[in-house]
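Right, one structure below, let's go through it.
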Amino acid sequence: MKTNSNIGDVNNPDHWILGLFYFNKNDQRSFPPKRFKYLGWTINFANPYSIFAYLILIGAMLAIFYVLRN
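Take the sequence shown: its position 20, counting from 1, is numbered 20 in UniProt numbering, and each next residue is one higher.
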């Protein structure tokens with residue numbers, strides 16, 4: 001059985017936009033590890049669920065900031 005080694009290869013530079021944004025349509029993970037695994041995880045911008053989770057996180061932070069300011 002032949003496998004595609006590029007599916008979850010976060011070290012492949014073709015899957016990074018400007019070296020900052022991970023974009024791999026073949027990788028189903030929402031939050032794959034960063035290139036340097038000790039730095040944590042990143043967002044797979046090709047996965048719509050991860051973009052939704054990112055927007056929810058940003059919205060929650062903005063809501064907390066708004067509540068604390070008023």
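We treat Cβ as the ideally placed atom computed from N, Cα and C, and that holds for glycine.
Computed from a predicted model, the values in this text were never measured in an experiment.
In terms of Cβ geometry, W41 and F52 do not form a close pair [threshold 7 angstroms].
Residues of the same chain with a CB within less than 8 angstroms of the CB of F23, apart from the 5 flanking positions on each side, are H15, W16, I17, N44, F45 and A46 in chain order.
As DSSP reads the structure, F21 sits in a beta bridge with I17. Bridge pairing for P33: W41 [DSSP].
For V67, the uninterrupted alpha helix (DSSP H) run begins and ends at P48 to R69, by DSSP.
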